[in-house]
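Take 924 as the starting number for the sequence shown in our numbering and just add one per residue. Note that CB positions come from ideal geometry on N, CA and C, so glycine has one too. Structure first, commentary second.
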Amino acid sequence: MPEIMSRAELVADLADSLHDVAEIFAGEDGADFGRHLDVAALDMARVRPRTLLGSVTLVAEQCIYAAPPDIAAFKSSLWGMARAPRPWEKEWTGPLPDAQLVIAGDVRELHLSPAPTSHQIGSLGAIYRFYYFAAYRVAEDAAHTTVTKEDRGLLLLRAQAEAMRELAMRNTTKPVAMRDGISGGARNGTPTYLFQALMAEFESRIR
């Protein structure tokens, strides 16, 4: 069912899988569990790279452009790759710009250096297409959650590990009981041990 990937369903299942530990996380409307899921989604980009195609419209001598809101890292440029003249040819437009992703808070920008020239834009076109690695998202609407249903258990497993990491940071040493996000089996131990065990299982499942 598609709704199983909604934020509310994932929060509910994460809370249930944490068993009695869930009572420690008292954030309003499941805010703590939502934070764990968001961290897990960020790490999914590392283990399940997601490549998308982006584009910007170039302006001569302009080096800064708005990047896609879901960009995690720049991958490669397609602009001028197919038919760029060689340096020894009279049609050569000069060195093509290198792209660098710059992130400042919620603002994501592509910095092109050197800035594209009017000659390059006239020869190669004004649409700069590129591949980029996209971040994953856990959305309120299941249709906008970008983690696949097949990776649902993996996402919950990573979120459980994040919950244990937070407990370990609080210096909690009391043994806890929980169920994992894939098999539903019981687990026991301190938060630090569980964090390490869950991360080891997470890494083993992506190979």
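DSSP places T974 in no alpha helix (DSSP H) but in the uninterrupted beta strand (DSSP E) bounded by T974 to T980. With a beta-carbon spacing of about 11 Å, A1082 and L965 fall beyond the 8 Å limit used to define contacts.
For A968 and K1013, the gap between their C-alpha atoms comes out near 43 Å. Look at K998 here: in three-state DSSP terms it is strand. In the DSSP assignment, R1031 falls within the unbroken beta strand (DSSP E) covering V1030 to S1036. An exposed status is given to I1050, since fewer than 16 other beta-carbon atoms sit within 10 Å of its beta-carbon. With a cutoff of 9 Å on beta-carbon distance, P1039 and A983 are scored as near each other. Taken through DSSP and simplified to helix, strand or coil, D961 comes out as helix. Using a Cβ distance threshold of 9 Å, A1065 and R973 do not count as a contacting pair.
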